[in-house]
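The C-terminal position of the sequence shown is numbered 454 in our numbering, with every residue numbered one higher than the one before it.
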Amino acid sequence: MHDESELGFASLAIRSGQIRTSESEHCEPIFPTSSFVFQSAAQAEARFAEREAGNLYSRFTNPTVRTFQDRLAALEGGEACIATASGMAAILSTCLALLRTGDHIVSSSSLFGSTVSLFTNYLSKFGIATSYVPLTDLPAWEAAIRPGQTKMLYLETPSNPLMEIADIRALAEMAHAHGCFLVVDNCFCTPVLQRPLKLGADLVIHSATKYLDGQGRCIGGAVVGDAQRVGKDVFAFLRTAGPTLSPFNAWVFLKGLETLKLRVRAHSENALQLARWLEKLPSVAKVYYPGLTSHPQHDLACRQQSGFGGIVSFEVHGDRETAWRVVDSTQMISITANLGDAKTTITHPATTTHGRLTQAERDAAGIRDNLLRISVGLEEIADIQADLQRSLG
Ligand SMILES: *Cc1c(COP(=O)(O)O)cnc(C)c1O
62 MHDESELGFA SLAIRSGQIR TSESEHCEPI FPTSSFVFQS AAQAEARFAE REAGNLYSRF
122 TNPTVRTFQD RLAALEGGEA CIATASGMAA ILSTCLALLR TGDHIVSSSS LFGSTVSLFT
182 NYLSKFGIAT SYVPLTDLPA WEAAIRPGQT KMLYLETPSN PLMEIADIRA LAEMAHAHGC
242 FLVVDNCFCT PVLQRPLKLG ADLVIHSATK YLDGQGRCIG GAVVGDAQRV GKDVFAFLRT
302 AGPTLSPFNA WVFLKGLETL KLRVRAHSEN ALQLARWLEK LPSVAKVYYP GLTSHPQHDL
362 ACRQQSGFGG IVSFEVHGDR ETAWRVVDST QMISITANLG DAKTTITHPA TTTHGRLTQA
422 ERDAAGIRDN LLRISVGLEE IADIQADLQR SLG
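And the structure:
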């Protein structure tokens, strides 16, 4: 076998973690089995007592799931990865494994809606409080940390849908100075564009549902980090509570990882072209994309990321009706809130992903009624532009 430590990113994405069985298959097999058999009573005893490594039961040991975990850990540069049934299950598992009653979270306010709901409506029931701060306001992060009580700093960068960029290195240093750990949801960038662990973050969250799959087929998630917190603590929670990824979904994500670098680069190229084109249209008031020099954190994005990703948001001159007309006049682009798909999608955040916020909360978050978000797909850029040109041109 080759020495994996010498392989580059694209090679790891294709080769890492695979263990060929005695059938000599070329493609990674799917193991659709709930349990595994032992050679003897003594072996069963040794496996259950964790004296012998090996498969037991697919709630927490399945070879296809393990291959996906090992490959994603290699790509993020982490010691361990635990795959879960969804991105939300990865966040829940991380919090329940690593936090306890009385602990406090400081989180960026611009988060995926269900993550806010999980922190605010559910963790609070168990005595875990969350303070929200603006993603880019470092003094606000520092001020929100409660000595001895704050355990976790949590963020997404770039943020959804306004594509603001957090300074991961600065926030990791701040977290460690206060005895906290930093969790970064790396869904938008994927390890192709950003490696939070290398910048000092402690844990990385993924919704594999998005770019890791990349073709809108399966729900899944993962957490990547060190051998203790992820390999032992999150694993123990998964083993007990069972928010487990199915082997079929793990296999789909494995196939997704093989083309991740090519796809994310192509998404980023299409998105940059679209953002530059939108910025020149008289009907467009403002474009939010970190690859544009007009973006307030463009320099930070250049330092921290190796590309700018596939999400472009923009405001039209007008109101909600004007924005809805842009959505409704598309013919090829899909009207859906999902993202990270080969198919380009368009959504009106104020009435979909951010529709449960009050008007005041939306105003505070900068989610205006004339804002649209596009997850730029892999179709020809000319066709994407032509579809938007109908109402914007
Ligand atoms: C979709 C998403 C999630 C949740 O993932 P699911 O797989 O839908 O549970 C978490 N964070 C971000 C940034 C997302 O886009």
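For every residue, glycine included, the Cβ atom is placed at its ideal position computed from N, Cα and C.
Mind checking which residues open and close the alpha helix (DSSP H) that includes residue i?
i: Thr176; result: Gly174 to Ser178
i: Asp444; result: Ile442 to Leu453
i: His328; result: Leu321 to Lys341
i: Ile152; result: Gly148 to Leu159
i: Glu89; result: It is not in any alpha helix (DSSP H) - Glu89 carries neither H nor E in the DSSP assignment.
i: His165; result: Counting along the chain, His165 falls outside any alpha helix (DSSP H), though it belongs to the beta strand (DSSP E) covering His165 to Ser169.
Would you call the CB atoms of residue i and residue j closer than 7 Å?
i: Leu196; j: Ser168; result: no
i: Ala463; j: Gly371; result: Past the boundaries of the shown model lies residue 463; the chain is included only from 62 to 454, so the question cannot be answered.
i: Ala158; j: Val295; result: yes
i: Leu218; j: Ile206; result: A small correction: the amino acid at residue 218 is Thr; Leu does not occupy that position in the sequence shown. Against a cut-off of 7 Å, the Cβ pair of Ile206 and Thr218 comes out as no contact.
i: Ala282; j: Gly174; result: In the sequence as presented, Ala is not what sits at residue 282; that position holds Gly. For Gly282 and Gly174, no; Cβs fall outside 7 Å.
i: Arg278; j: Val253; result: no
Would you mind sorting residue i into buried or exposed? The rule is 16 or more other CB atoms within 10 Å of its CB.
i: Tyr183; result: exposed
i: Asn399; result: exposed
i: Lys293; result: exposed
i: Met235; result: buried
i: Gln420; result: exposed
i: Ala311; result: buried
i: Arg112; result: exposed
i: Gln366; result: buried
i: Lys271; result: buried
In whole angstroms, what separates the C-alpha of residue i from that of residue j?
i: Gln358; j: Gly188; result: 35 Å
i: Glu440; j: His328; result: 9 Å
i: Phe70; j: Ala135; result: 9 Å
i: Thr397; j: Thr408; result: 6 Å
i: Asp274; j: Val245; result: 19 Å
i: Pro208; j: Gly240; result: 9 Å
i: Asp38; j: Met213; result: Because the chain spans 62 through 454 in this model, residue 38 falls outside it and cannot be assessed.
i: Leu321; j: Ser436; result: 16 Å
i: Leu299; j: Ala403; result: 31 Å
i: Ser171; j: His415; result: 10 Å
i: Ala201; j: Ala107; result: 51 Å
i: Thr128; j: Tyr118; result: 16 Å
i: Met224; j: Pro351; result: 7 Å
i: Cys363; j: His356; result: 11 Å
i: His87; j: Gln79; result: 10 Å
i: Leu353; j: Glu330; result: 12 Å
i: Thr155; j: Phe309; result: 23 Å
i: Leu260; j: Leu68; result: 21 Å
i: Arg230; j: Trp338; result: 32 Å
Tell me which same chain residues have a C-beta within less than 7 Å of the C-beta of residue i, skipping the five on either side of it?
i: Ser390; result: Arg451 and Ser452
i: Thr82; result: Pro90
i: Glu378; result: A small correction: the amino acid at residue 378 is His; Glu does not occupy that position in the sequence shown. Answer for His378: Ser344 and Ala346, listed in chain order.
i: Arg417; result: Gly174
i: Glu137; result: Pro252, Arg256, Leu258, Val265 and Val285
For residue i, which residues of its own chain have a beta-carbon under 8 Å away from its beta-carbon, when the five flanking residues on both sides are left out?
i: Glu319; result: Ala74 and Ile75
Leaving out five residues on either side along the sequence, give the residues of the same chain with a beta carbon under 6 Å from the beta carbon of residue i.
i: Thr434; result: Checking the sequence, you will find Arg at residue 434 rather than Thr. Hits under 6 Å: Pro222, Ser374, Thr408 and Pro410.
i: Arg324; result: Gly275
Under DSSP, the beta strand (DSSP E) around residue i begins and ends at which residues?
i: Met213; result: Thr211 to Glu217
i: His267; result: Leu264 to Ser268
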